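To keep things clear, I will list the structure first and then write my remarks on it.
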Amino acid sequence: MDDQQFRQLLDHFGYSWRGYRKVRKGVKKRIIKHMQEIGCRSMETYLDSLDRDEALRDQCESLMCVSISRFFRDRLLWKAVEDQIVPGFLKENIKRLKLWFAGCACGEEVYSFKILWEGLKGRFDPMPELGIWATDINRVFLRRAQDGIYAFTSLKEVPAELKEIYFISHGDRGPYSIVPSLKQGIKWRVHNLSSEFDEFKFHIIFLRNSILTYYNDELKQAAFQKVIDSLNNGGFLIIGTHEKLPFESRDLVPFGSQRYVFEKIRR
Numbered sequence: 141m142d143d144q145q146f147r148q149l150l151d152h153f154g155y156s157w158r159g160y161r162k163v164r165k166g167v168k169k170r171i172i173k174h175m176q177e178i179g180c181r182s183m184e185t186y187l188d189s190l191d192r193d194e195a196l197r198d199q200c201e202s203l204m205c206v207s208i209s210r211f212f213r214d215r216l217l218w219k220a221v222e223d224q225i226v227p228g229f230l231k232e233n234i235k236r237l238k239l240w241f242a243g244c245a246c247g248e249e250v251y252s253f254k255i256l257w258e259g260l261k262g263r264f265d266p267m268p269e270l271g272i273w274a275t276d277i278n279r280v281f282l283r284r285a286q287d288g289i290y291a292f293t294s295l296k297e298v299p300a301e302l303k304e305i306y307f308i309s310h311g312d313r314g315p316y317s318i319v320p321s322l323k324q325g326i327k328w329r330v331h332n333l334s335s336e337f338d339e340f341k342f343h344i345i346f347l348r349n350s351i352l353t354y355y356n357d358e359l360k361q362a363a364f365q366k367v368i369d370s371l372n373n374g375g376f377l378i379i380g381t382h383e384k385l386p387f388e389s390r391d392l393v394p395f396g397s398q399r400y401v402f403e404k405i406r407r
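Take the sequence shown: its position 19, counting from 1, is numbered 159 in our numbering, and each next residue is one higher.
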């Protein structure tokens, strides 16, 4: 598969060449294998098959996903979440805190938050009910997230004392399993950001893992607006530390010195 054929595939889904430029080699290999498995010898017949079979289309989109996450990635961000963002809501005595991990990949950030939440229980009483929605377009990623089994490299930023409490080791260097208690209360769902989501009024939305990088400008702006609309007034949007907002929104303002955390203006 040459770059021109790969561009055909990207255009078919409304994805961005710029987003895939550095990772296209691995994605191409997965797509070529998929084409061979279903007997497609050309990009034209492959695209036609995707249009006629929704299951094949879903498989293709899953193969085009790229996961770069790990536990407590970007420690300064997690410190802000633990010391400022979440305590701000807890001091308001809300009854329920709602979070959405959009593009949750294999669940590393979801479980990172659950670990953080457990740590806050000793500082705040009473604690509100916690509602977590974790979505991704990739069914394989979601199954891995629900299984909660991770390689040693995914835990390299987890402090030793937390690793001892919240992970079960299966050998000197893993793999590691999440303790069952952390899996409770998480709603895992298959979801494409370009489509509507039936939950709203989130207090915190994690939109990391470069998920919008792979969309073209039109899809990116539409998907991002849906995310903003799903955020509660006074809520927080958290993006990747090396990412930028697709467009400036009058509804969002930077949170302190955090250039990757934005607060939705209260109106």
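Glycine included, C-beta positions come from ideal geometry on N, C-alpha and C. Here the structure is a predicted model, which is why all the values come from computation and not from measurement.
Integer-rounded CB distance, given that residue j should sit under 8 Å from residue i
i: Ala274; j: Trp328; result: 5 Å
i: Tyr355; j: Tyr160; result: That pair is no contact at about 11 Å.
i: Leu333; j: Lys296; result: 29 Å between Cβ atoms; not a contact.
i: Glu403; j: Val393; result: 6 Å
i: Leu239; j: His343; result: 7 Å
i: Phe153; j: Lys168; result: About 14 Å; that fails the 8 Å criterion.
i: Ser321; j: Glu248; result: With a Cβ gap of about 17 Å, Ser321 and Glu248 do not count as contacting.
i: Ile378; j: Val401; result: 5 Å
i: Ala242; j: Leu371; result: Not really, about 11 Å apart at Cβ, beyond 8 Å.
i: Cys200; j: Leu216; result: So it is not a contact: roughly 37 Å between Cβ atoms.
Limits of the alpha helix (DSSP H) - the one that residue i falls within
i: Leu150; result: Asp143 to Phe153
i: Pro394; result: No alpha helix (DSSP H) holds Pro394; the beta strand (DSSP E) holding it covers Leu392 to Phe395.
i: Ile178; result: Here Ile178 belongs to no alpha helix (DSSP H), and DSSP marks it neither H nor E.
i: Arg215; result: Arg215 to Ala220
Same chain only: Cβ atoms within 6 Å of residue i, ignoring 5 sequence neighbours per side
i: Pro268; result: Ile234, Lys235, Arg236 and Leu237
i: Tyr186; result: Met175 and Cys180
i: Gln148; result: Met183
i: Phe264; result: Leu230
i: Arg313; result: Phe292
Close Cβ partners of residue i (< 8 Å) along its chain, the five nearest in sequence each way excluded
i: Pro315; result: Ile289, Tyr290, Ala291 and Phe292
i: Leu260; result: Glu222, Val226, Pro227, Leu230 and Met267
i: Glu336; result: Lys366
i: Asp276; result: Cys205, Gly243, Cys244, Ala245, Leu282, Ala285, Val330 and His331
i: Asp143; result: Arg164
i: Asp357; result: Ser156 and Pro386
i: Val319; result: Ile305, Tyr306, Phe307 and Ile308
i: Glu232; result: none
Range of the contiguous beta strand (DSSP E) that encloses residue i
i: Gly375; result: Leu371 to Ile379
i: Gln398; result: Gln398 to Lys404
i: His343; result: Phe342 to Leu347
i: Arg192; result: Not the beta strand (DSSP E): Arg192 falls in the alpha helix (DSSP H), residues Met183 to Arg192.
i: Ile326; result: Ile326 to Val330
i: Ser317; result: Tyr316 to Ile318
Same chain, Cβ closer than 7 Å to residue i, five either side skipped, listed in chain order
i: Gln361; result: Pro386 and Phe387
i: Leu359; result: Gly154 and Ser334
i: Trp257; result: Leu270
i: Lys323; result: Gly288
i: Phe395; result: Phe376, Val401, Phe402 and Glu403
i: Lys303; result: Leu295
i: Gly325; result: Leu270 and Ile272
Top-ranked residue by Cα proximity to residue i, from the options
i: Arg406; options: Gly396, Thr381 and Phe376; result: Phe376
i: Glu177; options: Leu196, Asp312 and Lys162; result: Leu196
i: Asn278; options: Gly396, Leu203, Asp151 and Thr381; result: Leu203
i: Ile272; options: Ile345, Ile171, Gly374 and Phe211; result: Ile345
i: Ser209; options: Ala220, Val250, Asp198 and Met175; result: Val250
i: Arg213; options: Cys180, Phe340, Asp338 and Pro299; result: Pro299
i: Asn373; options: Thr381, Phe340 and Gln398; result: Phe340
i: Asp391; options: Gln398, Phe364, Thr381 and Gly380; result: Phe364
i: Phe253; options: Ala220, Gly166, Arg158 and Asp338; result: Ala220
i: Phe211; options: Asp142, Phe307 and Phe395; result: Phe307
i: Arg170; options: Met141, Ile318 and Ile305; result: Met141
i: Leu150; options: Thr353, Thr381 and Gly380; result: Thr353
i: Trp398; options: Gln224, Lys162 and Lys173; result: Here residue 398 is Gln; the residue named in the question, Trp, does not match the sequence. Nearest of Gln224, Lys162 and Lys173 to Gln398, Cα basis: Gln224.
Cutoff 8 Å: residue i Cβ touching any chain D Cβ
i: Leu322; result: Here chain D cannot be found, since the structure has a single protein chain.
Only counting runs of 4 or more residues, tell me where the alpha helix (DSSP H) segments fall wholly within the segment 268–314, in order along the chain.
279–287 and 300–306
Whole runs of the beta strand (DSSP E) within the segment 224–266, excluding any shorter than 3 residues:
Taking only runs of at least 3 residues, the beta strand (DSSP E) segments lying wholly in the segment 224–266 are 236–242.
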